[in-house]
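Remarks on the structure that follows.
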Amino acid sequence: MLSWERATSNVLHLVRLDSIRRRIVIFALLATLIPSLGLGWRSYVLNRQFLSQKLSENLRDATFDIVREVNLWLKERLYEVRIFSSSYEVTENLEHLVRASGPPARLAEARRRLADYLASVQDKFRDYEELMVVDTTGRVLVSSAAAPGPALPAEWLKGTRGEATVVGDAYWDEARQKGVMLVAVPIAAAHGRSLGLMAGKVNFDTLVEILRSHALGETGQAYLVTPDGSVIVGSRVPLSVFKQVRLPTAATRALFAGPETPVEYTPDRGRPVIGSLKPVPQLGWGVVADLTQAEAYGLTARMRNLTLITVAALLAVIGLTAYFFGQAVARPLQRLTRGASRVAGGDLEVTLPVMDRGEVGYLTQVFNHMVTRLRQARDELAAANAALSEKNQELQKLSITDSLTGLNNRRHLTEVLVTEVARARRLRERFALLMIDIDHFKQYNDHYGHLAGDRLLSRLAGIFRDAIRDIDYAARYGGEEFLLLLHGADGEAAAQVAERIRARVADEPFGDAAQPARVTVSVGIASFPAQGDGPEAIIASADAALYEAKGRGRNRVVVAGEAEGPAAG
Numbered sequence: 019m020l021s022w023e024r025a026t027s028n029v030l031h032l033v034r035l036d037s038i039r040r041r042i043v044i045f046a047l048l049a050t051l052i053p054s055l056g057l058g059w060r061s062y063v064l065n066r067q068f069l070s071q072k073l074s075e076n077l078r079d080a081t082f083d084i085v086r087e088v089n090l091w092l093k094e095r096l097y098e099v100r101i102f103s104s105s106y107e108v109t110e111n112l113e114h115l116v117r118a119s120g121p122p123a124r125l126a127e128a129r130r131r132l133a134d135y136l137a138s139v140q141d142k143f144r145d146y147e148e149l150m151v152v153d154t155t156g157r158v159l160v161s162s163a164a165a166p167g168p169a170l171p172a173e174w175l176k177g178t179r180g181e182a183t184v185v186g187d188a189y190w191d192e193a194r195q196k197g198v199m200l201v202a203v204p205i206a207a208a209h210g211r212s213l214g215l216m217a218g219k220v221n222f223d224t225l226v227e228i229l230r231s232h233a234l235g236e237t238g239q240a241y242l243v244t245p246d247g248s249v250i251v252g253s254r255v256p257l258s259v260f261k262q263v264r265l266p267t268a269a270t271r272a273l274f275a276g277p278e279t280p281v282e283y284t285p286d287r288g289r290p291v292i293g294s295l296k297p298v299p300q301l302g303w304g305v306v307a308d309l310t311q312a313e314a315y316g317l318t319a320r321m322r323n324l325t326l327i328t329v330a331a332l333l334a335v336i337g338l339t340a341y342f343f344g345q346a347v348a349r350p351l352q353r354l355t356r357g358a359s360r361v362a363g364g365d366l367e368v369t370l371p372v373m374d375r376g377e378v379g380y381l382t383q384v385f386n387h388m389v390t391r392l393r394q395a396r397d398e399l400a401a402a403n404a405a406l407s408e409k410n411q412e413l414q415k416l417s418i419t420d421s422l423t424g425l426n427n428r429r430h431l432t433e434v435l436v437t438e439v440a441r442a443r444r445l446r447e448r449f450a451l452l453m454i455d456i457d458h459f460k461q462y463n464d465h466y467g468h469l470a471g472d473r474l475l476s477r478l479a480g481i482f483r484d485a486i487r488d489i490d491y492a493a494r495y496g497g498e499e500f501l502l503l504l505h506g507a508d509g510e511a512a513a514q515v516a517e518r519i520r521a522r523v524a525d526e527p528f529g530d531a532a533q534p535a536r537v538t539v540s541v542g543i544a545s546f547p548a549q550g551d552g553p554e555a556i557i558a559s560a561d562a563a564l565y566e567a568k569g570r571g572r573n574r575v576v577v578a579g580e581a582e583g584p585a586a587g
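Count along the sequence shown starting at 1, add 18, and that's the number in the numbering used here.
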């Protein structure tokens, strides 16, 4: 006998492995234990890497979505302020104030009308705390607030020359006890001379809603931070602690130095988190989304424990099988292998026969149960996908529809108008806009109540919808204002449709049987490209025509650019 064989025999005798049966069991256990632990560890490492990559992608997607919505939010605010600044009510009255010509009563009337316009606009847009008209020296001429703010910095006036817009830094407004920022656009007279600025003091309520809708998991947060680490708003940060919460200095530097790269850090009095940042260039801020490490890697820990439990179960099953049945287990295992291959290939119609009542039979039963559950899960997933698709369609419809009137909402109108202008330019076609406003709607609300006012808006929406063709477009512009887009129509054709609508509304009975009411509408018309070659310009023309109609006594139709016509009946 060779020396190594004798040495091996002695060792096996010392550990009481003289029996071939024990040797087979130990060999089976070792053959199972070593690869199982190795594969389990490898699986654990790969799963952790996968979760890290997945978490990085989720954080990146969350910050990307938030930045996109923040940019859209800022773009909408600048667009709104530019629309306000281009209003006929603003330019006309501001020009009187800037020139300071005419009797004092005329100047006081111009200031009052401008203040009334700013107040009415602010009431319709919840994102603004104050709207201001500023002269070329930075002095606030008119404000929607009872106590106007201080003069704007001189550099703002330089920054808004021409068509430029200016976005200020976020700061704490002591009067309103909330964080705000200023945005401004120039106001130009008809001949191009600068009259001053239209400035808006914007709050961050909408940004909080955006951040809350994109927070990850149960412990995740999303917030906007400045380069020094101050938190402006966050999904779990009260608005009252504006810039009082700060990220650790080292974490802030790492986040801004490597945008979209996950960084591990521990907030003050918080649990360790993993966060990622994406900058908002126009604001100079960063969007941070984070998730606690406990939640982020919780699945990895559970998988590790499950792997250990699985390995232990396998050791028990294989040891017992090797001790009692040996080779008899080969054929059932072959059936299991073939069945698993078919399942891996996508065939879920596999049912294996249970040939015994031992561990292999149990594995066969578990396998059959697993395949049955997979089939059920596949069917349930198909049904869930179908339901999700239907819900997505409903959500898409709700996102572009005004819930009260059933017409399209203003956000959808903005997208449609941009598309329609581009199409009309490309095909050299024309279209007309009808901006309709309910006369004395506030008085109607005060007299009949807001519920009756809502019913009036809904009925008028139905009248407007019935008065246009299927190819035309109707939307609620805001409050009691509606906007109709007539494809291929010029000012004359649009005026006929508008007059038909005006007459229909004037003849329609409203109110109730005990207190009938007569409701009228004023209509301003602008056509593309005659009264405007872009979305903002044509809306501004239609808005100016609408104010002209109201100035002439209401209950009438005015086409932008036309001379005053006879009063409506």
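Virtual Cβ for every residue (Gly too), placed ideally from N, Cα, C.
Q) According to DSSP, which residues form a beta bridge with Gln239? A) The sequence position of residue 239 within the sequence shown is 221, counting from 1. Within the DSSP bridge table, the entry for Gln239 names Asp308 as partners.
Q: Could you pull the start and end residues of the alpha helix (DSSP H) that Gly568 belongs to?
A: Walking along the sequence shown from the start, residue 568 turns up at place 550. Residue 568 is actually Lys in this sequence, not Gly. Secondary structure note for Lys568: its alpha helix (DSSP H) is the uninterrupted segment 553-569.
Q) Which residue's Cα is closest to the Cα of Leu452: Glu236, Val577, Glu367, Ala25? A) Stepping through the sequence shown from its first residue, residue 452 is reached at position 434. Proximity to Leu452 across Glu236, Val577, Glu367, Ala25 peaks at Val577, based on C-alpha coordinates.
Q | Alpha-carbon spacing of Asn427 relative to Tyr495, whole angstroms | A | If you number the sequence shown from 1, residue 427 lands on position 409. If you number the sequence shown from 1, residue 495 lands on position 477. Each residue's Cα considered, the two are about 7 Å apart.
Q. From the DSSP output, which residues share a beta bridge with Lys632?
A. What the structure shows of the chain is the stretch from 19 to 587, and residue 632 is not part of that stretch, so it cannot be assessed.
Q) Helix or strand or just coil, what does DSSP make of Ser4? A) The shown model of the chain, from 19 to 587, leaves out residue 4, and the question about it has no answer.
Q | Length of the line joining the Cα atoms of Ala358 and Gln394 | A | Residue numbering aside, residue 358 sits at position 340 when the sequence shown is read from its first letter. Residue numbering aside, residue 394 sits at position 376 when the sequence shown is read from its first letter. The alpha-carbon atoms of Ala358 and Gln394 are separated by roughly 17 Å.
Q | Leu215 versus Asp153: straight-line alpha-carbon distance, rounded | A | Residue mapping note: residue 215 aligns to position 197 of the sequence shown, counting from 1. Residue mapping note: residue 153 aligns to position 135 of the sequence shown, counting from 1. Using only the alpha carbons, I get a separation of about 6 Å.
Q.
By alpha-carbon positions, which one of Val85, Phe260, Arg522 ends up nearest to Ala485?
A. Along the sequence shown, one-based indexing puts residue 485 at 467. Among Val85, Phe260, Arg522, the Cα nearest to that of Ala485 belongs to Arg522.
Q) What span of residues does the beta strand (DSSP E) with Phe500 cover, start to end? A) Along the sequence shown, read from residue 1 onward, the residue named residue 500 stands at position 482. Here the beta strand (DSSP E) through Phe500 covers 499-505.
Q.
Nearest by alpha-carbon distance to Asp558: which of Asn89, Tyr106, Arg230 is it?
A. In the sequence shown, counting from the first residue as 1, residue 558 sits at position 540. The identity of residue 558 in the sequence shown is Ala, whereas the question assumes Asp. It is Tyr106 whose Cα lies nearest to the Cα of Ala558.
Q) If we call anything under 9 Å between Cβ atoms a contact, is Val203 one with Val99? A) Translated into positions along the sequence shown, residue 203 becomes position 185. Translated into positions along the sequence shown, residue 99 becomes position 81. Cβ atoms of Val203 and Val99: closer than 9 Å.
**Q.** Residue nearest to Arg448 in terms of C-alpha spacing, selected from Arg211, Gly506, Arg429, His114
**A.** To locate residue 448, count along the sequence shown from 1; it is residue 430. Ranking the options by Cα distance to Arg448, first place goes to Gly506.
**Q.** Inter-residue Cα distance where the pair is Arg443 and Thr318
**A.** Numbered from its first residue, the sequence shown carries residue 443 at position 425. Numbered from its first residue, the sequence shown carries residue 318 at position 300. Using only the alpha carbons, I get a separation of about 56 Å.
(Q) Bridge partners for Ser294 per DSSP, in chain order? (A) On the sequence shown, residue 294 is found 276 positions in, with the first residue counted as 1. By DSSP's assignment, Ser294 forms a beta bridge with Ala307.
**Q.** Leu229 and Leu73 closer than 9 Å at C-beta
**A.** Working through the sequence shown from its first residue, we reach residue 229 at position 211. Working through the sequence shown from its first residue, we reach residue 73 at position 55. For Leu229 and Leu73, no; Cβs fall outside 9 Å.
Q: Only counting runs of 4 or more residues, tell me where the alpha helix (DSSP H) segments fall wholly within the region 458-498, in order along the chain.
A: Runs found: 459-466, 468-485.
Q.
Using a 10 Å radius around the Cβ and a threshold of 16 neighbouring Cβ atoms, would you call Gly304 buried or exposed?
A. Locating residue 304 in the sequence shown gives position 286, counting from the first residue. It counts as buried.
Q) Could you give the distance in angstroms between the alpha-carbon of Ala470 and the alpha-carbon of Arg429? A) Within the sequence shown, the letter at position 452 stands for residue 470. Within the sequence shown, the letter at position 411 stands for residue 429. Rounded to whole angstroms, the separation of the alpha carbons of Arg429 and Ala470 is 26 Å.
Q: Would you mind stating whether Asp223 and Leu257 have Cβ atoms separated by less than 9 Å?
A: For this step, residue 223 is matched to residue 205 along the sequence shown. For this step, residue 257 is matched to residue 239 along the sequence shown. Contact: yes.
Q. From this set, Val226, Pro547, Phe482, which residue's C-alpha is nearest Asp508's C-alpha?
A. Taking the first residue of the sequence shown as 1, we reach residue 508 at position 490. Ranking the options by Cα distance to Asp508, first place goes to Pro547.
(Q) Do Leu273 and Val185 count as a contact pair if the criterion is CB distance below 9 Å? (A) Locating residue 185 in the sequence shown gives position 167, counting from the first residue. Locating residue 273 in the sequence shown gives position 255, counting from the first residue. It is not a contact, given that the beta carbons lie outside the stated cut-off.
Q: Starting from Glu149, trace the beta strand (DSSP E) both ways and give me its first and last residue.
A: Here the question's residue 149 lines up with position 131 in the sequence shown. Correcting the residue type first, residue 149 is Leu in the shown sequence and not Glu. Leu149: member of the beta strand (DSSP E) spanning 146-152, first to last residue.
**Q.** Backbone secondary structure at Glu367 - three-state DSSP
**A.** Position 349 of the sequence shown, counted from the first residue, corresponds to residue 367. Reduced to three states, the DSSP call for Glu367 is coil.
Q) Between Asn89, Val575, Ser21, which lies nearest to Val298 when the distance is taken from Cα to Cα? A) Start at 1 with the first residue of the sequence shown, and residue 298 comes out as number 280. It is Asn89 whose Cα lies nearest to the Cα of Val298.
Q: Have a look at Asp490, Gly497, Ala513 and flag the residue whose alpha-carbon is nearest the alpha-carbon of Leu503.
A: Along the sequence shown, one-based indexing puts residue 503 at 485. Nearest of Asp490, Gly497, Ala513 to Leu503, Cα basis: Asp490.
Q: With DSSP collapsed to three states, give me the class of Gln345.
A: What you label residue 345 is simply residue 327 of the sequence shown in a count that begins at 1. The predicted position of Gln345 is uncertain, since its pLDDT is 48 and thus under 50; a value taken from the coordinates is nonetheless stated next. Residue state, collapsed to three classes: helix.
Q | Nearest-angstrom Cα separation, counted from Ala188 out to Gly235 | A | If you number the sequence shown from 1, residue 235 lands on position 217. If you number the sequence shown from 1, residue 188 lands on position 170. Straight-line Cα distance between these residues: approximately 29 Å.
Q: Using three-state DSSP, classify Pro285 as helix, strand or coil.
A: Taking the sequence shown and counting its residues from 1, the one referred to as residue 285 is at position 267. In this structure, DSSP gives Pro285 a state outside helix and strand, which the three-state scheme calls coil.
Q: Compare the Cα-Cα distances from Val249 to each of Gln239, Phe459, Gln262, Gly238 and report the closest residue.
A: Counting from one through the sequence shown, the residue named residue 249 turns up at place 231. Out of Gln239, Phe459, Gln262, Gly238, Gln262 has the C-alpha closest to the C-alpha of Val249.
Q. Ends of the beta strand (DSSP E) at Ile454?
A. For this step, residue 454 is matched to residue 436 along the sequence shown. Counting along the chain, Ile454 sits inside the beta strand (DSSP E) bounded by residues 449-456.
**Q.** Alpha carbon of Asn28 to alpha carbon of Arg60, nearest angstrom
**A.** Along the sequence shown, one-based indexing puts residue 28 at 10. Along the sequence shown, one-based indexing puts residue 60 at 42. Distance between the alpha carbons of Asn28 and Arg60: 35 Å.
Q: Check the DSSP bridge columns for Met216 and list the partner residues they point to.
A: As a first step, residue 216 must be located in the sequence shown, where it is residue number 198. Looking at the DSSP assignment, Met216 forms a beta bridge with Val151, Val203.
Q: Could you work out which residue in Gly542, Val575, Gly569 is closest to Ala563 when comparing CA atoms only?
A: In the sequence shown, residue 563 corresponds to position 545, counting from 1. Ranking Gly542, Val575, Gly569 by Cα distance to Ala563 puts Gly542 first.
Q. Excluding the five sequence neighbours on either side, which residues of its own chain have a C-beta within less than 6 Å of the C-beta of Thr183, listed in chain order?
A. In the sequence shown, residue 183 corresponds to position 165, counting from 1. These residues qualify, in order along the chain: Leu96, Val203.
**Q.** In DSSP terms, what Arg264 is bridged to
**A.** In the sequence shown, residue 264 corresponds to position 246, counting from 1. BP columns for Arg264 point to Ser248.
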